[in-house]
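Student:
Protein chains: 2
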Amino acid sequence: MLTINYANCLSSRVGPHGLDPARLDPAGDLAQGIADLTQRLAQTRGTGWERWRELARGQMRQDHIPAIKALVDELRPRASNLIVLGIGGSALGNIALHSALRSPMWNLQSDEERGGPRLFVLDNVDPTSVAAVLDICKKNGGYERTIFNVVSKSGETAETASQFMIIRDLLKRELGEGYAKNIVAITDPEKGTMRQICDAEGFVTLPVPEGVGGRFSVLSPVGLFSAAMCGIDINALLDGADAMDKRCSSEKLNENPAAMLAALLVELGTRKGKTNHVLMPYANSLYLLADWFRQLWAESLGKQFDRDGKEVFTGFTPIKALGTTDQHSQVQLYREGPNDKVIGLIEVESFGPYKGEIPTGLGIENLKYLEGSNLVELMNAEKRATEFALNESQRPNFTIKFPKVDAHHVGEFINLWQIATAYAGLMLNIDAYNQPAVELGKRATFGLMGRAGFEEFKGKVDEGLAETGYLV
Amino acid sequence: MLTINYANCLSSRVGPHGLDPARLDPAGDLAQGIADLTQRLAQTRGTGWERWRELARGQMRQDHIPAIKALVDELRPRASNLIVLGIGGSALGNIALHSALRSPMWNLQSDEERGGPRLFVLDNVDPTSVAAVLDICKKNGGYERTIFNVVSKSGETAETASQFMIIRDLLKRELGEGYAKNIVAITDPEKGTMRQICDAEGFVTLPVPEGVGGRFSVLSPVGLFSAAMCGIDINALLDGADAMDKRCSSEKLNENPAAMLAALLVELGTRKGKTNHVLMPYANSLYLLADWFRQLWAESLGKQFDRDGKEVFTGFTPIKALGTTDQHSQVQLYREGPNDKVIGLIEVESFGPYKGEIPTGLGIENLKYLEGSNLVELMNAEKRATEFALNESQRPNFTIKFPKVDAHHVGEFINLWQIATAYAGLMLNIDAYNQPAVELGKRATFGLMGRAGFEEFKGKVDEGLAETGYLV
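If you read the protein sequences in the order shown, they are chains A and B. For the first sequence, the working numbering assigns the number 135 to the initial residue and increments by one for each residue that follows. For the second sequence, the working numbering assigns the number 135 to the initial residue and increments by one for each residue that follows.
#1: In the structure shown, what three-state DSSP assignment does A:Asn241 receive?
#2: Could you please give the first and the last residue of the uninterrupted beta strand (DSSP E) stretch that includes A:Gly478?
#3: Might you give, ordered along the chain, the residues of its own chain that have their beta carbon closer than 6 Å to the beta carbon of A:Ala432, omitting 5 neighbours on each side?
#4: What residues in the region 514-532 of chain A bring their beta carbon closer than 8 Å to a beta carbon of chain B?
#5: Please state the DSSP three-state secondary structure of A:Glu184.
#6: Measuring only between beta-carbons, confirm whether A:Ala141 sits less than 8 Å from chain B.
#7: Between A:Ile366 and the rest of its own chain, which residues show a CB-CB distance below 8 Å, the 5 nearest in sequence each way excluded?
#8: So what's B:Glu293 in DSSP terms, helix, strand or just coil?
#9: Can you look up A:Ile317 in the DSSP assignment and give me helix, strand or coil?
#10: Which bits of chain A does B:Glu433 rub up against, with CB to CB less than 9 Å?
#11: Kindly confirm or deny that the region 398-412 of chain B and the region 351-363 of chain B touch, where touching means at least three C-beta pairs closer than 8 Å.
#12: If we require 3 or more residues per run, which beta strand (DSSP E) segments fall completely within the region 383-439 of chain A?
#13: Under three-state DSSP, which class holds B:Phe450?
#14: Quick one: grab the DSSP three-state call for B:Ile217.
#15: What did DSSP end up calling A:Arg252 once you bin it into helix, strand or coil?
#16: Straight-line CA distance for B:Gly310 to B:Lys272?
#17: Below 8 Å, how does it come out for the region 252-266 of chain B and the region 415-424 of chain A: are there three or more Cβ pairs, yes or no?
#18: Which stretch, first to last residue, makes up the beta strand (DSSP E) that contains A:Lys535?
#19: Span of the beta strand (DSSP E) holding A:Pro160?
#20: Roughly how many angstroms lie between the CA atoms of B:Ala578 and B:Glu184, to the nearest whole one?
#21: Can you give me the start and stop residues for the beta strand (DSSP E) that A:Ile564 sits inside?
#22: What residues are listed by DSSP as bridge partners for B:Glu278?
#23: Looking at the unbroken beta strand (DSSP E) that takes in B:Ile138, where does it start and where does it end?
#24: Can you list the residues of chain A that B:Met378 reaches, using a CB-CB cut of under 9 Å?
#25: For a contact meaning CB atoms closer than 7 Å, what does B:Asn473 contact in chain E?
#26: Based on the DSSP secondary-structure assignment, which residues constitute the bridge partners of B:Pro341?
#27: Quick test of your reading: B:Leu398 and B:Ala558, contact by CB under 8 Å. State the CB separation rounded to the nearest angstrom.
#28: Below 8 Å on the Cβ atoms is my contact criterion, and I expect A:Thr327 with B:Leu305 to pass it. Report the Cβ-Cβ distance as a whole number of Å.
#29: Is there a Cβ of chain B sitting closer than 8 Å to that of A:Thr555, yes or no?
#30: Cα-Cα, which of B:Glu324, B:Leu371, B:Glu278, B:Asp373 is closest to B:Arg210?
#31: If you follow the alpha helix (DSSP H) that B:Pro355 is in, where does it begin and where does it stop?
#32: Under three-state DSSP, which class holds A:Leu599?
#33: Taking 8 Å as the CB-CB cut-off, is B:Ser484 touching chain A?
#34: Output the distance between the C-alpha atoms of B:Gln464 and A:Leu605, rounded to the nearest integer angstrom.
#35: I'd like the span of the alpha helix (DSSP H) that includes A:Val510, first residue to last.
#36: Can you check whether the CB of A:Ile553 is closer than 8 Å to the CB of A:Ile368?
Structure follows, in structure tokens:
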């Protein structure tokens, strides 16, 4: 079970930069307000944009898991490579699950060791990367043993659509009539451009469930299909997510991890000016989960207007960091720069069989203290030392502890932050489920790319960005 | 030649959140002050902690390049794998150069395609990663064809020292007496713990030059050796760095890219509250250069005290982002969240032979606009669209343009930021070359790991972090 230790967010540890412990009193305002929000969330769960809350249990789970498993059983024997075509919420979860739960050397392992396909996630339209990935797949298994997993609810996301158009054409040329067998689409089950293409061309599909937004979709087929293809235990993942959900249904602030996390970060953010929220795992495997968190936290809470239409420019800047590595890069700033951050440390108790025993016998006095210890001890000593040093500089921080990194605990972690985001949205009185500011860039891109109906945007962009000579 | 377009940092484009163009007047205060700083930097270059400024020219270059080339010529034929052991400034530059200038699929390519060793940089003590990398090397070429490049000026960095102790022991067991031939140390040429070990065990060494700090060492053997092993043109890199240095020797603000970059970021940071500095390349290859930048900018400028001993808590939080990917993750926040950022976009004009032509013939009306275009056009349209959208929200931003990504331009980029950091340090009146806040964490780690002489720190940490029950 994950735990959050938040002692270092309190004024008793970090002085005026922390919260008064009385603020978290179970009988106080904040705790009462949270109890109300918990009731509200219980009423809205499974409806509207909060359907994601039901992904780990009930009917959606019963629908998705067997469909994914059947498809995986069919595809795994003929897949040396799996290429995910998606961006944002259609890619970040896949990357996070894979890096958390598979070997960091997965793609370099032999077929026998992996027991599943190499995984490549093309979450950008960078031509060099696209070409390099296609080349590697061609030479290792070939296109006939490469499954392309296009993930797009609408099919109109320009990046994914253009990658898909390139891939479809390539496969038709390379594989002939049967090319459709190498494409799996995860898309809207009923409507939209990708649905239309899938129906016309006969691709196998899995659903992006109605009412599940991109950044809340990792526990749907969007994230689960590629995970299962690579042998991740998706049932354990959902079990962990559901276990966290149960804990986060408590109306008691001090027994509800997501509510507490939201309360700490929103209070520190809005009352103490700590608007930068760092997530710093002391484990390489969890580093890319911080990228998934970045989207969730930034897009959900970064809003110009609140629900009453008042201009608020609210939100927090999520920052990913890595312990111990970033102690040698960012901690100088975190301790001595502007005191504008809350630093979320992640500690892992047990790393698995290899502990990195540090041998004796080097015979150098200054390094004797390391002999007979191991890398796990060192990692955790450094984490503790950093925590101490942050406190000394009055920098609020907290620790999320993983007993170990496995599917169950990663599932807990995902729902911890998803549910915390729902609380934070309510606390800030904003809509956590829209992303209105992304629209203008999309329209401007359409205009610049010559899409009919968007001509005015090209003119506006060209005028707005006309050369002024401010160039060096 | 790199160019910086800073029109979008000005009030003419982003209203009150930008700088008044008059502030950059060539005859104004700021430009005069910059001219003075340029003179100061001309006097201090090559002395004290500004010896890094001479790495790309003169005697240091003449010493380093032939030594590196000779060693590379000897080692490349017997190296299938190169593992760098280093952290912070002893790793970030290596990673950045490799990802910028080698294939993203380098380690998956065949020996013939690469023409150089696979590269692994172990910049953390994560035991899972260490075990996975060693296992891959053992199975692909074996330890006898694996070169270990330990990078540590003193040899006392706990992370690098413990990795080194593990590796040394492993190699002695696996390779017997000749094990030293598989270790290359980059360390202090005269003194320190690693020097002592190298002298005793007969490792080949290259120097960390005197007066070159970790985060300014990428153009020394620290960064150049692994780059040259992987076939990067290190002369072109230094030529580019030197070409940028020449441009940055101009006393005219509007002809000096580093001075202009520093002026914009410091002025926006200190006068307009834009203390978060995002670097967002529209090219996957440049993404990890943003990690190198993060250390440089954070550690150099994040300081509690200025040179006069006044408490200032100054500095800026560097943030890495990736275009187009982070348009689907961070741009919502960048446009609607707190207006506390300057966003540095990086544009690449030419991506190389593969442009990702988007084929015709899908026959879907809504995607017709993409047909016949290519991924390079799409990438750059999205960049331009984002720039436009940021301006519409009055978010200051600038664009660094690469004609293409090659060693020369990457060299320019590195010196652009290194020299900008020197200017920013002077403008903020702080010491850009120390990192006093890192010391406490190091001592606390020593204490927790039982190093003699640091016992008091263990007691302090245990007392400071005693359990309080603030746990959920």
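No residue lacks a Cβ here, since even glycine has one placed at the ideal position from N, Cα and C.
Tutor: On the basis of the data shown:
#1: Translated into the one-based positions of the first sequence, residue 241 of chain A becomes position 107. Secondary structure of A:Asn241 (DSSP, three-state): helix.
#2: As a first step, residue 478 of chain A is located in the first sequence; it is residue number 344 there, counting from the start. Note, A:Gly478: beta strand (DSSP E), 475-484.
#3: Here residue 432 of chain A refers to the residue found at position 298 when the first sequence is read from its first residue. So the list reads Pro452, once near-sequence residues are dropped.
#4: Residues Ala515, Glu516, Arg518, Ala519, Thr520, Glu521, Phe522, Ala523, Asn525, Glu526, Ser527.
#5: Locating residue 184 of chain A in the first sequence gives position 50, where the first residue counts as 1. Here A:Glu184 sits in helix by DSSP.
#6: As a working note, residue 141 of chain A is residue 7 in the first sequence. For A:Ala141, the closest Cβ of chain B is nearer than 8 Å.
#7: One-based indexing of the first sequence puts residue 366 of chain A at position 232. The residues are Leu231, His232, Leu235, Arg236, Ala541.
#8: Along the second sequence, read from residue 1 onward, the residue named residue 293 of chain B stands at position 159. Three-state DSSP puts B:Glu293 in a helix.
#9: The residue given as residue 317 of chain A occupies position 183 in the first sequence. DSSP, reduced to helix, strand and coil, places A:Ile317 within a strand of the structure shown.
#10: Within the second sequence, residue 433 of chain B is the residue found at index 299, counting from 1. Under the 9 Å cutoff, chain A gives His462, Ser463, Gln464, Val465, Gln466, Leu467.
#11: Under the Cβ criterion (8 Å, minimum of three pairs), the region 398-412 of chain B does not count as touching the region 351-363 of chain B.
#12: Within the region 383-439 of chain A, the complete beta strand (DSSP E) runs of at least 3 residues are 410-415, 437-439.
#13: Counted from its first residue, the second sequence places residue 450 of chain B at position 316. In the structure shown, B:Phe450 adopts coil according to DSSP, grouped into three states.
#14: Taking the first residue of the second sequence as 1, we reach residue 217 of chain B at position 83. Of the three classes helix, strand and coil, the one that applies to B:Ile217 here is strand, per DSSP.
#15: The residue given as residue 252 of chain A occupies position 118 in the first sequence. A:Arg252 falls in the strand class under three-state DSSP.
#16: For the purposes of this step, residue 310 of chain B is taken as the residue at position 176 of the second sequence. For the purposes of this step, residue 272 of chain B is taken as the residue at position 138 of the second sequence. Going from the Cα of B:Gly310 to the Cα of B:Lys272 covers about 16 Å.
#17: Contact check between the region 252-266 of chain B and the region 415-424 of chain A: three or more CB pairs, one atom from each, fall below 8 Å, which counts as touching.
#18: Walking along the first sequence from the start, residue 535 of chain A turns up at place 401. For A:Lys535, the enclosing beta strand (DSSP E) covers residues 531-538.
#19: Along the first sequence, one-based indexing puts residue 160 of chain A at 26. Note, A:Pro160: premise wrong, no beta strand (DSSP E); not H, not E.
#20: Translated into positions along the second sequence, residue 578 of chain B becomes position 444. Translated into positions along the second sequence, residue 184 of chain B becomes position 50. Put simply, the backbone Cα of B:Ala578 is about 30 Å away from that of B:Glu184.
#21: Here residue 564 of chain A refers to the residue found at position 430 when the first sequence is read from its first residue. Neither: A:Ile564 is in no beta strand (DSSP E) and is coded neither H nor E.
#22: The residue you call residue 278 of chain B lines up with position 144 of the second sequence. B:Glu278 has no beta-bridge partner at all, per DSSP.
#23: As a working note, residue 138 of chain B is residue 4 in the second sequence. Segment 137-139, the beta strand (DSSP E) holding B:Ile138.
#24: Taking the first residue of the second sequence as position 1, residue 378 of chain B is located at position 244. The premise fails here: B:Met378 is roughly 12 Å from chain A at the closest Cβ pair, so nothing lies under 9 Å.
#25: The chain labelled as chain E is not found among the protein chains of the depicted structure, namely A and B.
#26: Against the second sequence, residue 341 of chain B aligns to sequence position 207. Beta-bridge pairing by DSSP links B:Pro341 to B:Thr321.
#27: For the purposes of this step, residue 398 of chain B is taken as residue 264 along the second sequence, with counting starting at 1. For the purposes of this step, residue 558 of chain B is taken as residue 424 along the second sequence, with counting starting at 1. About 10 Å separates the beta carbons of B:Leu398 and B:Ala558, which is beyond the 8 Å limit, so they are not a contact pair.
#28: If you number the first sequence from 1, residue 327 of chain A lands on position 193. If you number the second sequence from 1, residue 305 of chain B lands on position 171. Not quite, the Cβ-Cβ distance comes to about 57 Å (not below 8 Å), so this is no contact.
#29: Counting from one through the first sequence, the residue named residue 555 of chain A turns up at place 421. Among the CB atoms of chain B, none fall inside 8 Å of the CB of A:Thr555.
#30: Residue numbering aside, residue 210 of chain B sits at position 76 when the second sequence is read from its first letter. Minimum Cα distance to B:Arg210 is reached at B:Glu278.
#31: On the second sequence, residue 355 of chain B is found 221 positions in, with the first residue counted as 1. In this chain, the alpha helix (DSSP H) harbouring B:Pro355 covers 355-363.
#32: Here the question's residue 599 of chain A lines up with position 465 in the first sequence. It is coil, neither helix nor strand.
#33: Along the second sequence, one-based indexing puts residue 484 of chain B at 350. Put simply, the CB of B:Ser484 is far from chain A, with every gap to its CB atoms at 8 Å or more.
#34: Taking the first residue of the second sequence as 1, we reach residue 464 of chain B at position 330. Taking the first residue of the first sequence as 1, we reach residue 605 of chain A at position 471. Distance between the alpha carbons of B:Gln464 and A:Leu605 is about 27 Å.
#35: Taking the first residue of the first sequence as position 1, residue 510 of chain A is located at position 376. Element bounds for A:Val510: 509-526.
#36: Looking up residue 368 of chain A in the first sequence gives position 234. Looking up residue 553 of chain A in the first sequence gives position 419. Not a contact, by the Cβ cut-off of 8 Å.
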